[in-house]
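In this text, residue positions in the sequence shown follow my numbering: the first is 73, and each later residue adds one.
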Amino acid sequence: MKKLVIFIGILAALFVGFILFIQNVNVNRLGADSYFVKITTDGKEIGDITDTGEKWTRYEYQLEAVNEKGETKPLEFTSQNPLHHDAYLEVFVKGENEVTSYQEVQQAELPDRVKKELK
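What follows is the structure, given as structure tokens:
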């Protein structure tokens with residue numbers, strides 16, 4: 073009986089740990105390469121209406137991205153809201169060019185090589 077209680081306690085602790093991990097870690101960033109972009113253009117507005125009549129709008133951006141090594145590649149990604157001009161984003165890329173997530177960063181946070189490329 074004592075072993076069963078210990079086993080259930082361990083399972084509960086693992087379950088709670090897993091839930092906390094999922095809530096606090098963006099799994100779209102795991103295993104992704106980090107690139108940086110500067111928003112220099114307005115996003116192309118893309119809109120549609122769902123089967124239920126709900127209207128949605130997204131904004132598509134096609135920008136040149138730079139990684140910490142100074143390597144560049146063209147990336148395409150979308151946002152639910154228009155992004156601010158001259159904002160810097162860290163984009164997370166899986167595979168060739170699949171952007172899975174992004175976050176805004178300050179210019180001071182950019183690696184030196186990236187700062188040179190994104191002037």
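Even for Gly, the Cβ is constructed at its ideal location relative to N, Cα and C.
Residues that residue i bridges to, as DSSP identifies them
i: V109; result: L161
i: L147; result: L135
i: E170; result: K166
DSSP-derived helix/strand/coil call for residue i
i: N141; result: Position check: residue 141 holds Lys in this sequence, whereas Asn was assumed. Three-state DSSP puts K141 in coil, outside helix and strand.
i: G119; result: strand
i: Q178; result: coil
i: A104; result: coil
i: L86; result: helix
i: L155; result: coil
Endpoints, alpha helix (DSSP H) assigned at residue i
i: E189; result: 184 to 189
Start and end residues, beta strand (DSSP E) containing residue i
i: G125; result: Premise fails: G125 is in no beta strand (DSSP E) and is neither H nor E.
- Could you tell me whether the segment 78 to 89 touches the segment 134 to 146, where touching means 3 or more Cβ pairs closer than 8 Å? With a cut-off of 8 Å, the segment 134 to 146 and the segment 78 to 89 do not count as touching, because too few Cβ pairs lie within range.
- Item | Cβ pair count under 8 Å reaching 3, the segment 115 to 131 against the segment 173 to 190 | In short, these stretches do not touch, since the Cβ pair count stays below three.
- Task: Decide if the segment 125 to 141 is in contact with the segment 75 to 82; the criterion is three or more beta carbon pairs, one per stretch, under 8 Å apart.
- Result: No contact exists between the segment 125 to 141 and the segment 75 to 82.
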